[in-house]
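Student: Just so you know, numbering that gives the first Met the number 0 puts the end of the sequence shown at 194, numbered straight through with nothing missing.
All C-beta atoms in this analysis are idealised placements derived from N, C-alpha and C, irrespective of residue type, glycine included.
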Amino acid sequence: MRVMQTFTITKKGQEIAFESKFNSLEDAKSYLTANVKYNDFVNDLLAKKKLSDNQISWVHYLATQDAIESEIPATVGEFLPLVEKMYSAVKSNARKFQVRLPGITLSTVNKGVNVGCVYVFENNNYVAKITTNGELIGSVSEDVKNLLEDANDNLLQLAKIYGHETGTCSICARTLSDPLSIQMGIGPICAKRLG
Ligand SMILES: [Zn+2]
Numbered sequence: 000m001r002v003m004q005t006f007t008i009t010k011k012g013q014e015i016a017f018e019s020k021f022n023s024l025e026d027a028k029s030y031l032t033a034n035v036k037y038n039d040f041v042n043d044l045l046a047k048k049k050l051s052d053n054q055i056s057w058v059h060y061l062a063t064q065d066a067i068e069s070e071i072p073a074t075v076g077e078f079l080p081l082v083e084k085m086y087s088a089v090k091s092n093a094r095k096f097q098v099r100l101p102g103i104t105l106s107t108v109n110k111g112v113n114v115g116c117v118y119v120f121e122n123n124n125y126v127a128k129i130t131t132n133g134e135l136i137g138s139v140s141e142d143v144k145n146l147l148e149d150a151n152d153n154l155l156q157l158a159k160i161y162g163h164e165t166g167t168c169s170i171c172a173r174t175l176s177d178p179l180s181i182q183m184g185i186g187p188i189c190a191k192r193l194g
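#1: Suppose the cutoff is 8 Å on Cβ atoms and the five residues either side in sequence are ignored; what does the same chain contact list for residue 75 look like?
#2: Using only the alpha-carbon positions, how far apart do residue 54 and residue 44 sit?
#3: Which residues in the same chain have their Cβ closer than 8 Å to the Cβ of residue 5, if we skip the five residues on either side of it in sequence?
#4: Mind checking who residue 40 pairs with in its DSSP beta bridge?
#5: Relative to the alpha-carbon of residue 181, which residue among 192, 165 and 194 has its alpha-carbon at the smallest distance?
#6: If residue 98 and residue 146 are in contact, beta carbons under 8 Å, what's the gap, nearest whole angstrom?
#7: Compute every distance between the C-beta of residue 186 and the non-hydrogen atoms of ligand 1, then say whether any falls below 7 Å.
#8: Roughly how many whole angstroms lie between the Cα atoms of residue 140 and residue 81?
#9: Go through its chain and collect everything with a Cβ distance to residue 174's Cβ below 7 Å, but skip five positions before and after it.
#10: Please list the terminal residues of the continuous alpha helix (DSSP H) segment that includes residue 151.
#11: Does the beta carbon of residue 170 fall short of 7 Å from some heavy atom of ligand 1?
#12: So which of 48, 51, 12 and 63 has the shortest CA-CA distance to residue 27?
#13: Taking residue 94 as the reference, which of 101, 83 and 106 has the closest Cα?
#14: Please classify residue 138: is it buried, with 16 or more other beta-carbons within 10 angstroms of its beta-carbon, or exposed?
#15: Can you grab the Cα-Cα spacing for the pair residue 58 / residue 66, in whole Å?
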């Protein structure tokens, strides 16, 4: 079980009470050693054989602050709108949502560590993923990159182009038979899922 430890430090004349994210001084020290570099104040603290209570509090404070900051995503990736659009179309967490576009297929992930990411397939081969944070990971061709940028701006429009080109719905893969669906390039129910 985790033991919560509260410490107090004085920073710029202000008392700051906080809960340490580390169970022991040793844990906090090894975190600082591994993660916080080129800071004289930190290095001096870590070099000391015996720390005062005040210094111990500082070690916990610096390690805790850094641990909290590193949990916040530093950047928002370019393709965040696309990820959000894909997951807003998911009806049930048990099922993936897939959309076929001219040249690529995009899919949400419903199992494992990549839940929240979007997989990119080219000719049925996995080529890249877009992280929950909207960052593209993997090497893709210029064409695929351009398609993803288009999909990011207007996924529905690309789905319609696919429907016009293939005569099938980009989401449910049914043949477009209804005159309105043919004209739209997508079935009405599937169009709604893409907002
Ligand atoms: Zn459909």
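Tutor: Walking through what the data contain:
#1: Locating residue 75 in the sequence shown gives position 76, where the first residue counts as 1. So the list reads 132 and 133, once near-sequence residues are dropped.
#2: For the purposes of this step, residue 54 is taken as residue 55 along the sequence shown, with counting starting at 1. For the purposes of this step, residue 44 is taken as residue 45 along the sequence shown, with counting starting at 1. So the alpha carbons of these two residues sit roughly 7 Å apart.
#3: Against the sequence shown, residue 5 aligns to sequence position 6. The answer, listed in chain order, is 16, 17, 18 and 19.
#4: Locating residue 40 in the sequence shown gives position 41, where the first residue counts as 1. Bridge partners of residue 40: none, in fact.
#5: What you label residue 181 is simply residue 182 of the sequence shown in a count that begins at 1. Among 192, 165 and 194, the Cα nearest to that of residue 181 belongs to 165.
#6: Numbered from its first residue, the sequence shown carries residue 98 at position 99. Numbered from its first residue, the sequence shown carries residue 146 at position 147. About 12 Å separates the beta carbon of residue 98 from that of residue 146, a gap too long to meet the 8 Å contact definition.
#7: By one-based count along the sequence shown, residue 186 stands at place 187. Within the cutoff, so yes.
#8: Within the sequence shown, residue 140 is the residue found at index 141, counting from 1. Within the sequence shown, residue 81 is the residue found at index 82, counting from 1. Spanning the two alpha carbons is a distance of roughly 18 Å.
#9: As a working note, residue 174 is residue 175 in the sequence shown. Result list for residue 174: 166 and 167, in chain order.
#10: Translated into the one-based positions of the sequence shown, residue 151 becomes position 152. That run of the alpha helix (DSSP H) goes 141-165.
#11: By 1-based counting over the sequence shown, the position of residue 170 is 171. Because some heavy atom of ligand 1 lies under 7 Å away, the Cβ of residue 170 counts as near it: yes.
#12: Within the sequence shown, the letter at position 28 stands for residue 27. The shortest C-alpha separation from residue 27 is found at 63.
#13: Stepping through the sequence shown from its first residue, residue 94 is reached at position 95. Nearest C-alpha to residue 94: 106.
#14: Position 139 of the sequence shown, counted from the start, is the residue given in the question as residue 138. Result: exposed.
#15: As a position in the sequence shown, residue 58 is number 59, starting the count at 1. As a position in the sequence shown, residue 66 is number 67, starting the count at 1. Cα to Cα, the separation comes out at about 12 Å.
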